[in-house]
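Data first, discussion second: the structure below is written as structure tokens.
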Amino acid sequence: MRSLRFPCLVIAALLPDTAFAHEAFGNLGPFYTHMLHPAVDPSQGVLLVGMGALLARQPVETVRSAYAVFAMASALAAVILTVLPLTAPGVRLTAATAVLLGIMTAIGLQLPRWFVAVLCVGVAIIAALSFDAAPSTKSIQTAAGGALGLALTVLIVWGALDWAGERLHPVAAAVAGSWIAAVGLMVMALPV
Amino acid sequence: MTDQIRWTRYFSLACATGAALGILIEPAWAHSGEGASGGFWSGFLHPVTGLDHLIAMVGVGIWGAFLGVPAIWLLPVIFPLVMAVGGVIGIIGVPLPSVETWIAASAVAIGLGIALALRPPLSLAILIVAVFAIFHGYAHGAEMPHTANPLAYAVGFVLATGALHLCGIAFGLLERNSAGRIAVRATGGVIAMLGVGFLTGAL
């Protein structure tokens, strides 16, 4: 019976109705707002999940260099965005990139290292441009939070899919790829 | 017991627990939730709350598991991609005939496939699932342009569809033992009967 205590506690905690009366996060300040941005902006989130899924289908040697390139490109793009207020990419560009990433992930092509690195730079730039480019007095926090948010999201997705591929089935990343491509395909068809 | 089998069991348990909690918990949404989350939840709940979609999606997963490798991983990869093509047809407004009939027919066909333990050639199974995926995608896609946040809606409904497939696969893996095989085939029969209910307008 002792072993049942924890599951019972969890179920008891989850059962009461939840009241979502107010904004989930409130004003967290520029650092956390930018760090958590991929979780609340679907267009940025889809791209980053697609990038993580693509990396999960590549050999770990390729991932090591590609992820370093992605993290550096994200940091650079986030810093540039604090001084140059660039406009966000069009939704069709984001969707087309998602389709490309998703299909390559679903097929499971082993891509050359340089190509994965180029993709990482491209995705990092498009994802960084999805941040709100409004000038902020706390530009260091904005840039650091943004860069960390992009890098962490890709790392978490890659880690989760790599783990699922090893523990559950190697096709886990391919399934995620097909989901990303499906989302991108439909969004591309939406009237602008 | 190998790691993979152990984790597959944990995964099946997690799916079952998630489904049970999903039924038990009824959150109170103090506000409409439109905006950032409205599109996502609308999309996510569409396949989950529509019984005709739900049984077909779960059925595809069960049938994939029933057919074994490589269908177990090919069907869940192909279904969302072809479904997106159906979604595109719906978004751009090309009319498709008798969408609801095709959706109900998909439940009947897939349910019968499971109940009768049909193992067609892989190409035929893919073709059957792909044809039905078009109509499921169409039903979702036709609604998308009218939602508050179409991108979030798309993410929500693709995630829900995929999650239903995975639940179906997890359940379908039970067919590896004799008692489980009976349960899986009986579920196929229930899916087919529900499909007949939708097809005849009884449900």
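Protein sequence lines correspond, in order, to chains U and V. In this text, residue positions in the first sequence follow the working numbering: the first is 1, and each later residue adds one. In this text, residue positions in the second sequence follow the working numbering: the first is 1001, and each later residue adds one. Heads up, the beta-carbon is just placed ideally off N, CA and C, and yes, glycines get one too.
Is V/A1117 helix, strand or coil by DSSP? Look at V/A1117 here: in three-state DSSP terms it is coil, with no helix or strand label.
Taking 6 Å as the limit between beta carbons, can you name the residues of its chain near U/T142, skipping five residues before and five after? Hits under 6 Å: P30, H34, T82, S136.
Can you grab the Cα-Cα spacing for the pair U/W179 / V/I1182, in whole Å? When rounded, the distance between both Cα atoms is 31 Å.
Beta carbon of U/A124 nearer than 7 Å to that of U/A73: Contact: yes.
Among V/A1152, V/A1133, V/E1175, V/L1112, which one has its Cα closest to the Cα of V/G1189? V/G1189 has its Cα closest to that of V/L1112, out of V/A1152, V/A1133, V/E1175, V/L1112.
Report, in whole angstroms, the separation of the C-beta atoms of V/G1141 and V/I1089, which I expect to be a contact under 8 Å. Yes, V/G1141 and V/I1089 are in contact; Cβ-Cβ is about 7 Å, under 8 Å.
Assuming U/A75 contacts U/A147 (C-beta within less than 8 Å), just tell me the rounded distance between them. With 8 Å as the limit, U/A75 and U/A147 qualify as a contact, their Cβ atoms being about 4 Å apart.
Could you check what DSSP says for U/D41 in three-state terms: helix, strand or coil? Look at U/D41 here: in three-state DSSP terms it is coil, with no helix or strand label.
Starting from V/P1076, trace the alpha helix (DSSP H) both ways and give me its first and last residue. First-last of the alpha helix (DSSP H) with V/P1076: 1071-1091.
Kindly indicate if chain V contains any beta-carbon less than 7 Å away from that of U/M104. At a cut-off of 7 Å, the C-beta of U/M104 has no neighbouring C-beta in chain V.
Collapsed DSSP secondary structure at V/H1031 in the structure displayed: Note that V/H1031 scores a pLDDT of 37, beneath 50, so its modelled location is shaky and nothing firm can be said.
Would DSSP call V/V1131 helix, strand or coil? The three-state secondary structure of V/V1131, taken from DSSP, is helix.
Excluding five sequence neighbours on each side, which residues of the same chain lie with their C-beta closer than 8 Å to the C-beta of U/M188? Once the five neighbours on either side are set aside, the close Cβ partners of U/M188 are R92, A95, A96, V99.
Are the beta-carbon atoms belonging to V/G1039 and V/A1152 less than 7 Å from one another? Cβ atoms of V/G1039 and V/A1152: closer than 7 Å.
Quick one: does V/V1060 have its CB under 7 Å from some CB of chain U? For V/V1060, no Cβ of chain U is located within less than 7 Å of the residue's own Cβ.
Who are the Cβ neighbours of V/N1177 in its own chain at under 7 Å, not counting the five residues just before and after it? By the criterion of a C-beta distance shorter than 7 Å, V/N1177 is surrounded by no residue of its chain, once the five residues flanking it on both sides are discounted.
Mapping DSSP to helix, strand and coil, what is V/E1143? The DSSP-derived three-state label of V/E1143 is coil.
Counting only Cβ pairs nearer than 8 Å, list the residues of chain A close to V/P1095. As a matter of chain content, chain A is missing from the structure shown, whose protein chains are U and V.
Do U/L100 and the ligand GTP come close, with the Cβ less than 6 Å from some heavy atom? Judged by which ligands are present, the structure shown has none, so any question about the ligand GTP falls away.
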